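Per my numbering, the sequence shown runs over residues 1 to 240.
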Amino acid sequence: MCRSAAEGGRRCSGRSCGAAGARARQARSRARRGLEAARAAGDLDAVAAAEAKYTAVTGGPPPDVGTFAGQLPTTPATTPPEKPMPKPEEPQPRKAEPTSAPTGSTADRVRDAVAKLARAEGEWVSLVDLRKALGDVDHDEVTRVLREMNRNDPAVHFVPEDNRKALREEDHAAAIEIGGDAQHVMRIERPRDTSAKDRVQAAGIGNASADDLTAALRDPLIPSQTYDAIRAEQKRRGLA
1 MCRSAAEGGR RCSGRSCGAA GARARQARSR ARRGLEAARA AGDLDAVAAA
51 EAKYTAVTGG PPPDVGTFAG QLPTTPATTP PEKPMPKPEE PQPRKAEPTS
101 APTGSTADRV RDAVAKLARA EGEWVSLVDL RKALGDVDHD EVTRVLREMN
151 RNDPAVHFVP EDNRKALREE DHAAAIEIGG DAQHVMRIER PRDTSAKDRV
201 QAAGIGNASA DDLTAALRDP LIPSQTYDAI RAEQKRRGLA
């Protein structure tokens, strides 16, 4: 029981004394617990009803979330700033693939070019066309190799152009000088097959292959009678 001021006690407000004060405290406690439970459940309608009941019981607004006795105010979790989206990498220009350089010596490339340019085996080829086919090879290097082939390979032949009036500026530039004369065309004979004559004789002229007959005719040691027989066989087959 509260003492009066005259008795040395504090002045009683009347709210905490008696059964009415106890009921008021219980009502406030129930309102607080109901509000806590509604907030914990996350039901917005229940929270609104609990807040209204709390205000009606206590006469004041409901406290912020987390500010009941013994609790710290709950601060909303901060959302980290979004990282900027990386810019899409721009497509890089594709590097040109290096073209494979021709292989083989210059002499081998000369032989290959002559074989491709000749309309038939052993036909004459213009040095203008040959140099164009070897456009990536130095002009002087081609000249040096052609002269070397002329000296060392009896199957390689050079001759001047008979019709000098038909020569153009590029013909003069492409020519090589051999023996004091400008040479404008060349040809390469097929290497002589010295065993072709023996194969023709073994098989018989009538049964020999067309290639063996042609190769046998180029043998300088072939007898005249065999030569004539081979020519006759070629005519019979329509090869000559």
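Where is the CB? At the ideal position from N, CA and C, for every residue including glycine. All values reported here derive from a predicted model rather than from experimental measurement.
I'd like the list of long-range same chain contacts for residue 117, defined as Cβ closer than 6 Å, with 5 residues on each side in sequence excluded. Contacts found: 125, 129.
Opposite residue 185 in the DSSP bridges: which residues? Residue 185 pairs with 126, 159.
Pull up the CB-CB distance for residue 188 and residue 156, whole angstroms please, since I reckon it's below 8 Å. Their Cβ separation, rounded to whole angstroms, is 5 Å, which keeps residue 188 and residue 156 in contact under 8 Å.
Of the listed residues 212, 202, 131, 147, nearest to residue 181 (C-alpha basis): 147
Three-state secondary structure assigned by DSSP to residue 176: Judged by DSSP in its simplified three-state form, residue 176 adopts strand.
Tell me whether residue 225 sits in a helix, a strand or coil according to DSSP, three-state version. helix
Euclidean distance between Cα positions of residue 237 and residue 204: 15 Å
Let me know the secondary structure DSSP gives residue 85 once reduced to three states. coil
Go through its chain and collect everything with a Cβ distance to residue 218's Cβ below 7 Å, but skip five positions before and after it. 192
Measure how close the beta-carbons of residue 212 and residue 196 come, nearest whole angstrom, since I'm counting them as under 8 Å. 5 Å
Check each candidate in 109, 89, 176, 33 and name the one with the smallest Cα separation from residue 159. 176
Once DSSP output is grouped into helix, strand and coil, what is the label at residue 230? Residue 230: helix per DSSP, three-state reduction.
Pull up the CB-CB distance for residue 113 and residue 133, whole angstroms please, since I reckon it's below 8 Å. 4 Å
Using 8 Å for Cβ pairs, my map puts residue 60 next to residue 50. What's the rounded Cβ distance? Not confirmed; about 14 Å, so no contact.
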